[in-house]
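Trainee: Sequential numbering from 1 applies to the sequence shown in full-length UniProt numbering. Beta carbons are placed, not taken as given, at the ideal position from N, Cα and C, and that holds for glycine. Quick caveat: nothing in here was measured; it's all calculated off a predicted structure.
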Amino acid sequence: MQIIIFALIIIAEFLTTPKVLLFYDQIEYLKIVSTHSFLQVFTLGHFPIHPIFLPTFWMTSRIVVPNYTAFIFGVISAILMFKICAKIFSKEKYFWIPALLFLLFPGVWLINTNLMIQSVLLTFYLFAIYFFIERKAFAFLLTLFLMMGVHVDALYWIPTIFLIPILLKKELKIDKKITIRFAKLAFLSVALSVLFYAFIYVFIRKDFGGSTEQIFAYSSFGFLRIIRNIWVAFINSFGSVTPFILLFLLIKNVRSKIEWVAWFVFALLMSVGGAYWEGDLMMRRIVFAGVILSIALYKYLKEKSVFLILFLLPIVGLNALLYYKNSPDMPLIVMQKSIDKLPKGQVLLASHYYYPFIKYDGKILWFESGDINQIDGLLNDGKRIFITRESIAAPYLLVVGNNYHITSLSKVGNSESRVLFDKYMFDLYGDSLEIKRMGDGKISESAGEPVVFYGKTFLQRLSRMRINYGDGGVWIWSIVSGHKDAVYWTYKDARGAWVWPEISIQ
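1) Let me know the secondary structure DSSP gives Arg437 once reduced to three states.
2) Tell me whether the region 130-148 and the region 319-334 touch, counting them as touching only if at least three CB pairs, one residue from each stretch, are closer than 8 Å.
3) Quick check on Ser193: does DSSP put it in helix, strand or coil?
4) Taking the alpha carbon of Phe140 as the point to measure from, which residue in Leu100, Lys169, Leu185 has its own alpha carbon closest?
5) Would you call Ala296 buried or exposed, if buried means 16 or more other Cβ atoms sit within 10 Å of its Cβ?
6) Restricting to Cα atoms, I'd like to know which of Asn380, Ile406, Leu348, Tyr424 is closest to Thr388.
7) Note the first and the last residue of the continuous alpha helix (DSSP H) segment covering Trp231.
8) According to DSSP, is Lys31 part of a helix, a strand, or is it coil?
9) So, helix, strand or coil for Val487, using DSSP?
10) On a CA-only basis, which of Ile245, Leu459, Trp157 is nearest Arg285? Give me that one, please.
11) With a cut-off of 8 Å on the beta carbons, I'd call Thr17 and Tyr68 a contact; round off their distance for me.
12) Report all residues from its chain with a CB closer than 7 Å to the CB of Val287; omit the five preceding and five following residues, and keep chain order.
13) State the start and end residues of the unbroken alpha helix (DSSP H) segment that holds residue 509.
14) By alpha-carbon positions, which one of Val265, Glu259, Ser410 ends up nearest to Ser463?
15) Cα separation between Ala419 and His50?
16) In terms of DSSP beta bridges, what is Ser432 paired with?
17) What's the C-alpha gap between Ala183 and Ala86?
18) Please name the residue, chosen from Ile245, Ile79, Trp366, that lies closest to Pro395 on a Cα-to-Cα basis.
19) What is the DSSP secondary structure of Pro450, reduced to helix, strand or coil?
20) Quick check: what's the CA-CA separation for Ile503 versus Leu30?
21) From the DSSP output, in three-state form, read off Ser338 for me.
22) Within its chain, find whatever has a CB closer than 6 Å to the CB of Phe6; leave out the 5 residues flanking it on each side and keep chain order.
23) Take every Cβ of the region 95-103, pair it with every Cβ of the region 69-83, and state whether three or more of those distances are shorter than 8 Å.
24) With a CB to CB cut of under 6 Å and the five nearest residues on each side skipped, what residues in its chain are close to Asp422?
25) If we ignore side chains and look at the alpha-carbon of each, how far apart do Thr160 and Ala486 end up?
26) Taking just the CA atoms, how far does Val400 sit from Tyr488?
27) My output table needs one value for Trp366: the three-state DSSP class, helix, strand or coil.
28) Between which two residues does the beta strand (DSSP E) containing Val254 stretch?
29) CB-CB under 7 Å to Ala128, same chain, minus the five flanking residues each way: which ones, in chain order?
30) From the DSSP output, which residues share a beta bridge with Val347?
31) Could you check where the alpha helix (DSSP H) with Lys83 kicks off and where it finishes?
32) Taking the Cβ atom as the reference point for each residue, do Phe23 and Leu281 lie within a distance shorter than 8 Å?
33) Can the beta-carbon of Gly430 be found closer than 8 Å to that of Lys363?
34) From Val474 to Leu301, what does the alpha carbon distance come to, in whole angstroms?
As structure tokens, this is what we get:
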């Protein structure tokens, strides 16, 4: 029976793997591997470089559609997780349930169907766990080196491997000496990786640009925002009820201090990735936590973990429907179609979060880069300036992949384009808006006030573009708190009037 279930899961993943790239960085990487040789791609890309991922992608991109690389590595991950669970729960009939639970975590499903660096990194992470359990020293050493070469995020993924003997001491009999030996191998592998990166940066790339970006980004978030990011990333990756179930099970079952320390370290390492807010599918940074989570949940729930699987199914199912094949209704595709209808040789104003996805035969001004200060001069030169509805609400209603960004729905009616409506008039042009000078008229006192659109039915209470639209816990929260998601919004312009394209409220 388990073979049939896993086959159905793999078929479903294949059908819901979009042909177009919907992940921010991947468009950049596709350009790199399409225009450079195999040896050249080792050192290319923005900081941090990915000297193992890009050569891997270079090879797979010549065989399959780019996102199918994610699918292929996802299948390998499924097989590895199955084998790991078979080893850990070898005496149990339903040993395969945690592997199924792992595959149905929403964050795992997304990276197995949309190519990201973590699509490859997760597979190597599972290889490393498997070789650790099987005590294959050289394979373990090599895998960790490859992990580090895929992404330096491996620095906080790798230590979690050594928590497994503590968290599963009854299920896995791994001698302390073995753990110490493999920990030394891990240290050696990371040291070799550091030397590898240093060689590339010092002798080949000779460019350290962006090396401090993430460090300063962490320091600028603030403690409460970091906690928000971790929480939202976790519940969107693994389901809204999962943290409560896990906490209850740990309080009920864990008696050892060392095990509590291991769980604390695990949470701390996961938080390193979860704390970071980005304009992309940020759950990818903590997806590795799904391995230990699924195993731990099955350890304590046993067959009852099927109920958690049933809870996750509508989340993954409804989200997967948004990605089914190459749907023409994908938001980023719809945005580009509206841009294609604009007059050529004019000016497009857009959110910098959409930078990789926008193509326009004319000048593009990006928010948050200071370019919008050019608007008056361009209007004086007779240029027409347009803005898409997606950019009006970004970044607080930001389409990422085929979903809204998981923290996008928190600031309704407040986005980076708002300052324009205090000064200019806006007229409708197809599915976009055209920016015009106010002239000699008096600017309205209501200029810049938000005009928010909400759905009209119960099912439109939450945005269909949420990654967690099928999450029962989120629906309960919405009903109890009275929360409704905004479908879209715009602002009253300098005249005090507003216009908006005809929209389909989903």
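Mentor: On the basis of the data shown:
1) strand
2) no
3) helix
4) Leu185
5) buried
6) Leu348
7) 223-238
8) helix
9) strand
10) Trp157
11) 6 Å
12) Gly107, Val108, Ile111, Gln118, Leu122, Ser237
13) The question about residue 509 has no answer, for the chain in this structure spans 1 to 506.
14) Ser410
15) It is Val, not Ala, that sits at residue 419 in the sequence shown. Their backbone Cα atoms lie some 38 Å apart in a straight line.
16) Thr388, Tyr429
17) 24 Å
18) Trp366
19) strand
20) Reliability fails at Ile503, whose pLDDT of 49 lies under 50, so the model's placement of it is uncertain and no value is given.
21) helix
22) none
23) yes
24) Ala447, Gly448
25) 39 Å
26) 15 Å
27) strand
28) From DSSP, Val254 is part of no beta strand (DSSP E); its letter is neither H nor E.
29) Phe140, Thr143, Leu144, Met147, Ile161
30) Lys363, Ile385
31) 66-88
32) yes
33) no
34) 23 Å
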